[in-house]
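I have placed the structure first, in the form of structure tokens, so that the comments after it can refer back to it.
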Amino acid sequence: METAVIYSIKPLLAISVSLIAGLLIFLTGERSRNLRESWTILASVIKFTIIASMVPSILAGNVIEYTIISIAPGMLLQFRVDALGIFFAITASFLWIITSFYSIGYVRAMKEHAQTRYFICFAIALSATIGVAFSANLFTTFLFYEIITLSTYPLVAHKETPEAMKGARKYVTYLLGTSIAFQLFAIFLTYSAAGTLDYSYAGIFNSVRGNGVSDTFLIVTFILFMAGITKAGMMPFHSWLPAAMVAPTPVSALLHAVAVVKTGVFVVVKVVLHIFGINLLSQLGLGTALAYFASFTIIVASTIALRQDNLKARLAYSTVSQLSYIILGVALLTPSGITGSVMHIVLHAFGKISLFFAAGAIYVATHKTKVSELDGIGKQMPFTMAAFTLGAISMIGLPPLGGFLSKWFLGIGAIEAGQIPIIIVIATSTILNACYFLPIIYRAFFKEAADSTDKTPSIKEAPPLMVGALVLTASGAVALFFKPSLFLDLARMVTASVTGVN
Amino acid sequence: MIQHAPVLIIILPLMASLINLIIGMWRKRLCYPLTVAALSACVLLSFAMLNTVIDHGNITYRLGGWAPPWGIAYLIDHLNAFMLVIVSFISLVVAVYSRVSIEKDMPKKINQFYTLFLLLVTGLLGILATGDAFNLFVFLEISSLAGYALIAVGDDRAPLASFNYVIMGTIGACFYLLGVGYLYIATGSLNMADLSGLLPDLYGSKVVIGAFAFMMVGVAIKMAFFPLHKWLPDAYTHAPSAVSAFVASAMTKVGAYVMIRIMFTVFKPYFSIEVIPASAILGWLAVAAMLFGCIRALAQTDVKRMLSYIIIAEVGYIVMGLSVGNRMGFQGAVLHILNDAFMMACLFLAAGAIEYKTGTRNVHNFSNLYKKMPVTIIAFTVGGLSIVGIPPTCGFFSKWYLVLGAIESQQWVFAATLLISSLLTAVIFFKILVRIYFGNSNENESSNPVFNEAPLSMLFPICIMAAGVLTLGFFSGKIISSVIQFTVPGSF
């Protein structure tokens, strides 16, 4: 496949459109809520359109480049849109549109305070997410990575209760602390050893290994990277994610199931494929080590999820576990593993956002947060719980839902790598997923409500904006099973670019 | 015209200072415009000189036409042209800012204030412009004496703080003078370029080594380098806010400049690195400075005091960059002089505006300040993020070079300490910023905070500094390739 580099300002536009929206939201403020919200909607639609307009060109095998400024040799503020970047960007920006509607329904129903701040931070966080997706080098990635942390802090602390402040403090301590202490250090080491930070398909360390760069150095750098990209939620640096659940549910849904955490795994994938390269990692045996580390997280996080009574906490641990699937897939360093890993970015996103949307809808309609309170809720909120069920099945990984596809590829990837224990891990985790999701569905549909004085509870759903959003994402999860072609093509392109195997 | 610039940039503020004193007796209102005009001229001159140096190379000026080494020569190269721009620019910004705060603090003594302020600027610019080791001492004393007086007019505890500073500063000046004296005994010359040529033959001499040690200790006191920093936190905390903003951003940096001159111009780099282990000692002291400064800053509740301790850490950064002895580290150190001057000015000016409006420096009283003074607070946030080193603020970029320099020399402890101190500053600023933006959730503030922003003459300089902090980083590559790379000693 011929790769042509197209120079276009589109990546910058896609990033800045929500920044401009943030400014407009600030200027509009509380004066006119409808006008303010229309900025969010408008920005999300424009953003998605711009990103979608780049897809055909990427599918044709091109990459789109745009350099803002070259600060110093090897240190550029540069964007390069490739298959992986557009894959992540399109997922995040599409879900932002839906989340925007859901958010509006949620904050209005809950009569949240500081709504202007909420929407501004949301817009900035999305800008930075696309910034990470399109970044051409580690420096640009790091810049936007930090902006995400800072712009989501006010969202986590939104309620401003002591509990929220505590959660937010933990959030920022983990994310900012490790990124400065480990990730930045790893970036410094990379730059001083390789002299560049540009992502390359072969891995930039591949060419310098042996030229004064010892294996110990590479291993240390790799560990620093993995410890520093805390947004990926790998154990032992995962506990910021459950702590971040104090945020309003739309934040948890888009940011802590899609944008923020996927940024983490996205950067891990970038580091594995483009900084170290699969050859180097398999020679050093680091791929296998990472795979087992991820496996540990998958199993342990699922086990912890079993015991969570708070619905959002259970979902958070489920996210921790599912994120490690993505890391596991790429750590296998085999074509199917990488494809499965990339696919899981979108498949998990649709499934998990439906689950969070459902949790938020339940909270808005009934103010219930605990799993043990959900008896009989299926009769009261049929649409919400139906969407929840679909999301859960996708998480477990059963057909006909999208989640099945990525597990399928991951399984094949494990066989290709000759790692039979990994298959056992995937199977065990599937069982654990079922164990923590099915009881919720069982309670919702088959148990009678504890305080059911009237035998036929009337339907009492959340506001239509919210229900519409969650029905849409859940149907998306189904649709992705039947028509995954766009995403699958992009994922295969990612695989082909690093392995040469289509 | 441009060949006279090196001396004009000193004479201008000096004359303005004297005129201020005289016209202030009749019309106090003229002092402010006169000061601003004089400093604007300095800024223009400094930029003109920087341009000339970039395009045509060094500028030499012989006072009275006497040829060196007998006469005093001013030599402007890339390093001091760069420093002159920083110091004159910051002095102008602070002068613009000072109007309302000085009218509030000392309405009767406006002319005296501006006289002293201009003298301080004269001294600092003189230190930078001169190419003569003894002349440097003279300007050092001019700036210090003006500084003592300016600090002493601060709050109730300022006279004591200033007195401590006088004692320490005088000891520092004596040390420096002793060193210069020893060099004169050994070589018979005071001209830096001349000394640089004469000294290598005498590097074995105990007199020369002693002179180096004396000068370094003297400068270390002046720049508040750990463990000789004791005077700084008190002095900078209790000084009037305009004064602390200027001395915090300019004075320690000028000290760092003198250190660079001694280590790498008067003495050859191989003397400071190999003949005696000066740079190794400085490097480890810098590590201590970074940790000490940040840890002490953690415990402070007075915002100016906290910033003062951070300065001690920042001085550590600069010295660390000098000590690693390679191109990267040196460039990082020089770049950090610029960035730190901007960050510190931004933070101190913002803190001054907060004190002006709310009457408090205690961070516990900063709850919900964002709603009262949003512009000031955003500037403060930008400065804080820059100290932590979050891109795209400029603090990130100098740290970038400093850490790479440390890694290049395999000084892992230096690199790690720099990152640890970044983490500590992150803790410091997050604690404050959370209070400012979210208030204290424990206390129920019934009174709704109302918009009550500082006057425009304060806000404008603050915004200029914040904008500088935000944008300078993007030009670091350009600044390095057009100016800083020429300041690096040849042997690196």
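Residue numbers (my numbering), protein chains in the order written: chain A, 976 to 1477; chain B, 367 to 858.
Every residue, glycine too, gets a C-beta built ideally from N, C-alpha and C.
Note that the structure is a prediction, hence the values are computed from the model and not measured.
In the DSSP annotation of this structure, the continuous segment of the beta strand (DSSP E) that includes R1055(A) starts and ends at M1050 to V1056.
The C-alpha of S615(B) is placed about 19 Å away from the C-alpha of T401(B).
Among the residues facing chain A, L785(B) is included, as its CB has a counterpart in that chain under 7 Å away. When the five nearest sequence neighbours on each side are left out, the beta carbons in the same chain lying within less than 7 Å of the beta carbon of T1314(A) are those of F1384, A1466, R1467 and T1470, in order along the chain. Checking the DSSP bridge columns, you'll see T1148(A) has no partner listed. Annotation for M581(B): Y542, G545 and I628 place their beta carbon closer than 6 Å to its own, counting only its chain and skipping 5 residues before and after. Beta bridge pairing from DSSP links K1345(A) with N1285(A). DSSP places S1110(A) within a strand segment (E or B) once states are collapsed to three. In the displayed model, D1190(A) falls within a helix according to three-state DSSP. Taking 7 Å as the CB threshold, L1199(A) stays off the interface with chain B. Residue contact with chain A for S842(B): present (Cβ-Cβ distance below 7 Å to some residue of chain A). Taking the Cα of P740(B) as reference, the smallest distance to any Cα among I476(B), E680(B), M472(B) and C829(B) is reached at C829(B). For A1336(A) and V1244(A), the gap between their C-alpha atoms comes out near 33 Å. Look at I845(B): its C-beta is not under 7 Å from any C-beta on chain A. DSSP places D522(B) in the coil class of the three-state scheme, outside both helix and strand. Within chain A, the residues whose beta carbon sits less than 9 Å from that of E774(B) are S1167, listed in sequence order.
Annotation: the continuous beta strand (DSSP E) that includes I1043(A) extends over V1038 to A1047. Here the alpha carbon of L825(B) sits roughly 21 Å from the alpha carbon of F479(B). Interface with chain B (7 Å Cβ-Cβ cutoff): G1152(A) is included. Looking at the backbone, the Cα of S993(A) and that of P1129(A) are separated by about 17 Å.
Contact annotation for I744(B) against chain A: no contact, minimum CB-CB distance about 11 Å [criterion: below 8 Å].
With fewer than 16 neighbouring CB atoms inside 10 Å of its own CB, D421(B) falls in the exposed class. Rounded to the nearest angstrom, the gap between the Cα atoms of V793(B) and Y1146(A) is 13 Å. CA-to-CA, the gap between K1354(A) and I1416(A) works out to about 12 Å. For I1387(A), the enclosing alpha helix (DSSP H) has its first and last residue at G1378 to E1391. For P757(B), the nearest CB of chain A lies under 7 Å from its own CB, placing it at the interface with that chain.
Contacts with chain A at 7 Å (Cβ-Cβ) include F804(B). Taking a beta-carbon distance threshold of 7 Å, E1005(A) does not count as an interface residue toward chain B. Within the segment 417–486 of chain B, the complete beta strand (DSSP E) segments of 3 residues or longer fall at 425–428 and 439–442, listed in chain order. The segment 1190–1204 of chain A and the segment 1274–1285 of chain A do not touch, with fewer than three beta-carbon pairs separated by less than 8 Å. In the pairwise beta carbon analysis, the segment 773–784 of chain B is classified as not touching the segment 703–723 of chain B: fewer than three pairs are separated by under 8 Å. Taken through DSSP and simplified to helix, strand or coil, Y982(A) comes out as strand. In the structure shown, R393(B) adopts coil according to DSSP, grouped into three states. For A979(A), same chain residues with a beta-carbon under 7 Å away, outside a window of 5 residues either side, are N1037 in chain order. G1239(A) sits away from A1288(A), with the two beta carbons spaced by 7 Å or more. Here DSSP, grouped into helix, strand and coil, assigns R1184(A) to strand.
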